[in-house]
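Working notes for the structure below.
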Amino acid sequence: MPMDLIPAPRNTRGAGRPGFAPDRDTTITAAPGTENTARWLRTTLGAAFGLPLAPRAGSATGADGAAGPGSAPGAESTTRAGNTVELLIDPDLEPEGYRLSVTPGHGIRVTGGSAAGVFWGAQTLRQLLGPEAFRHAPVSAEPDLELPALEIEDGPRFSWRGLMLDVSRHFMPKDDVLRYLDLLAAHKLNVFHFHLTDDQGWRVEIKRHPRLTEVGSWRSRTKYGHRASELWDETPYGGYYTQDDIREIVAYAAERHISVVPEIDIPGHSQAAISAYPELGNTDVIDTTTLSVWDTWGINPNVLAPTDSTLRFFEGVFEEILELFPATTSPFIHVGGDECLKDQWRKSPTAQARIAELGVAGEDGLQAWFIGHFDTWLTERGRRLIGWDEILEGGLPQGAAVSSWRGYAGGVAAAEAGHDVVMCPEQHVYLDHRQHGGPDEPMPIGFIRTLEDVYRFEPVPPGLSEEAARHILGTQANVWTEVMQNRARVDYQVFPRLAAFAEVAWSALPASADRDFTEFERRMTTHYARLDALGVDYRPPGGPLPRQQRPGILGRPLEGPPPNV
Ligand code: ACM
């Protein structure tokens, strides 16, 4: 069975035979704190191979009430000595690091620096068991489960390894979001940035402002293709997550050691909110009662009015957001802050009076005041604000963090100024951008970013001082869904590039030019079989399958600068 681990681990020793093969008698011993990984092993490997993976009698899993079928007390009497998967925590290891050993006669031991480390070690174990380990039910009567005798020592390069998913432009139903959390976990990614609001739809239920979803989650039609496309899908479109949907998503992520970063995008990208509550807009500039949820793509001039009542409204929104996304798993709250056009504020007597009253430097100062207000508000409640790199314009409070999307420059400036930074430059890791220059790419937009380009992405900008480099928390790939109507289109854009991205975020790779892409591609041969077993609709190395193409639907021509969609 080829190992071909992705992301590549730090150190592997051994890999000889005889090794160890789990069977129907294999039990799990889970130290306190690792019960979630025991549960996860049972529901994934247990289902894939029809193994009970019962808790070993007297082990912590016996008490967590989550035992699977075949876990009757006394199971130990039928087990042979050492036929066990042992899950342990050793706080001397780095928090997300782990050691995985397979020893003939002793079974499998996963020791993590924390519960998260144990979970990442379990992900490695699943990969070692072959592509069938990624299926929901057994496909072989007698699968070859023999693992080689080995010891793997591993741990991540970055603590922030993320994916941002835009569920506003196109809504992703809750079950598909849960599936994406599983896909993140399978790649040892630990941050899910959930872009919940935008001009084209508000996707989270807010009890005190019900029109945000009653009105703001629906649009009458949708542009089909790039902004310049003449095609429309005339079907009314929408959807949102109820508060219980969100709680389920957050708990599912937590069980997988994934932090969820909810984004409520203010003060721009707010037309859906304004269409639900017209008083949120610049009513002294336009008649905001005429606005509806936006049905096309681009940067929208209808931004929030910088008034006290707007601040109070969004404090109410964030109060519910903080309740839905607890501090333990969502220390960061994203407030957007990107692409806030200032034309309406320039024309608005109310906005101009506010600028004068605050004594701030023009409209940029007003945006900084807006963001600064929520930085204080979130900090007082034990959270940290993060926003797109535009929040640097006009000044940013010290504790705030920055998602650097317009290239490296914003991130460099932020890190040099002492802000924590997540690197996600659009030139490198916007997975909505085309992955090939050929004519068959479906609705292609943006830069060409091949699998190799993503593999060679370096999150820490060259030339950054050592002190500033410590502020690079990590990196995330971003997925904007204007041209992705459904899960299959999202899969196509995200995979296989997310596998390369995961290795960039996790593994200690050499400098970009020295990375061995040929060797990565060789490992990808096995990884494609894992993705097949998972049912991921990735872009095949040879190009899109006929059903993945979208002939006749306009993308963005390659000539000229790659602008917004
Ligand atoms: C962004 O791509 N507007 C953050």
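One rule links them: number in this note's numbering = place in the sequence shown (from 1) + 8. For every residue, glycine included, the Cβ atom is placed at its ideal position computed from N, Cα and C.
Put simply, of G345, E161 and G390 the residue whose alpha carbon is nearest the alpha carbon of I307 is G345. Nearest Cα to D12 within the set R478, R558, P548 and F528: F528. Within 10 angstroms of the beta-carbon of V429 lie 16 or more other beta-carbons, which makes it buried. In this structure S176 touches Q208 by the C-beta definition: roughly 5 Å separates them, less than 8 Å. Proximity of the beta carbon of D206 to the ligand ACM is not indicated: no heavy atom of the ligand is located closer than 7 Å. In terms of CA proximity to P99, G41 leads the group P112, G41, R50 and L49. Here R530 has D12 as same chain residues with Cβ atoms under 8 Å from its own Cβ, once five neighbours each way along the sequence are excluded. Between V269 and V258, the gap from beta carbon to beta carbon reaches 8 Å or more. In this structure G560 is exposed. Its beta-carbon is surrounded by fewer than 16 other beta-carbon atoms within 10 angstroms.
One thing to note: I456 has its Cβ within 8 Å of the Cβ of G445.
Leaving aside the five residues that flank D499 on each side, the residues in its chain whose CB is nearer than 8 Å to its CB run, in chain order, V544, D545 and Y546. By the neighbour-count criterion, in which 16 or more other beta carbons inside 10 Å mark a residue as buried, G115 falls on the buried side. Here V118 is buried: its Cβ has 16 or more other Cβ atoms, across all protein chains shown, within 10 Å. When the Cα atoms are used, P339 and L393 turn out to be separated by approximately 9 Å. Among the bridge pairs identified by DSSP, S237 is matched with none. Looking at W353, D440 and P244, the one whose alpha-carbon comes closest to that of T291 is W353. For D12, the distance from the CB to the nearest heavy atom of the ligand ACM is not below 7 Å. With 16 or more other Cβ atoms inside 10 Å of its own Cβ, A194 counts as buried.
For G233 and Q501, the gap between their C-alpha atoms comes out near 14 Å. For V437 and G415, the gap between their C-alpha atoms comes out near 10 Å. Proximity of the beta carbon of W396 to the ligand ACM is indicated: a heavy atom of the ligand is located closer than 7 Å. Note: I97 is bridge-paired with G120 in the DSSP secondary-structure output. The ligand ACM approaches D346 closely enough that one of its heavy atoms is under 7 Å from the residue's Cβ. Within the model, the alpha-carbon separation for A521 versus D316 is close to 52 Å. Per DSSP, T387 is one residue of the alpha helix (DSSP H) stretching across G370 to E388. One alpha carbon belongs to P112, the other to G22, and they sit about 12 Å apart. Per DSSP, the unbroken alpha helix (DSSP H) holding L332 starts and ends at D316 to L332.
In this structure, DSSP gives H201 an extended state, which the three-state scheme calls strand. At a cut-off of 7 Å, the beta-carbon of W413 counts as near the ligand ACM: some heavy atom of the ligand is closer than that. Annotation for I341: the continuous beta strand (DSSP E) segment containing it runs F340 to G344.
When DSSP states are grouped into helix, strand and coil, D545 belongs to the coil group. Relative to W128, the option among R143, P164, P146 and L137 whose CA is nearest is P164.
Secondary structure of G563 (DSSP, three-state): coil. Closest in C-alpha terms to H535, from the list H201, G138 and T384, comes G138.
Taking the Cβ of E434 as the reference point, at least one heavy atom of the ligand ACM falls within a distance shorter than 7 Å. Less than 8 Å divides the Cβ of D206 from the Cβ of A280.
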